[in-house]
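In the numbering used here, the protein residues as written are 4 to 80.
Beta carbons: idealized from backbone N, C-alpha and C, even for Gly.
Quick caveat: nothing in here was measured; it's all calculated off a predicted structure.
Structure follows, in structure tokens:
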């Protein structure tokens, strides 16, 4: 897992965006919906994209992680 640190300016912009612009629960819901639609579309269109599977898995994983940061849904019991 990468541990890149964000610049103070980037942190400030992200905090402003998530605190003043969007509702975290709605953003998490939108990310999950987009993630699902993208996965479904790619699977239906290209059932055998072996060379791209790792990239896709990583992309979907990180989008879901972002959604979890915004609105912990999968951690709820």
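For a test of the three-state rule: what should DSSP assign to residue i, helix, strand or coil?
i: residue 62; result: helix
i: residue 37; result: helix
i: residue 72; result: helix
i: residue 19; result: helix
i: residue 8; result: coil
Is it true that the CB of residue j sits closer than 7 angstroms to the CB of residue i?
i: residue 47; j: residue 70; result: no
i: residue 63; j: residue 38; result: yes
Here's the rule: buried if 16 or more other CB atoms are within 10 angstroms of the residue's CB, otherwise exposed. What is residue i?
i: residue 73; result: buried
Nearest by alpha-carbon distance to residue i: which of the options is it?
i: residue 42; options: 29, 12, 58; result: 58
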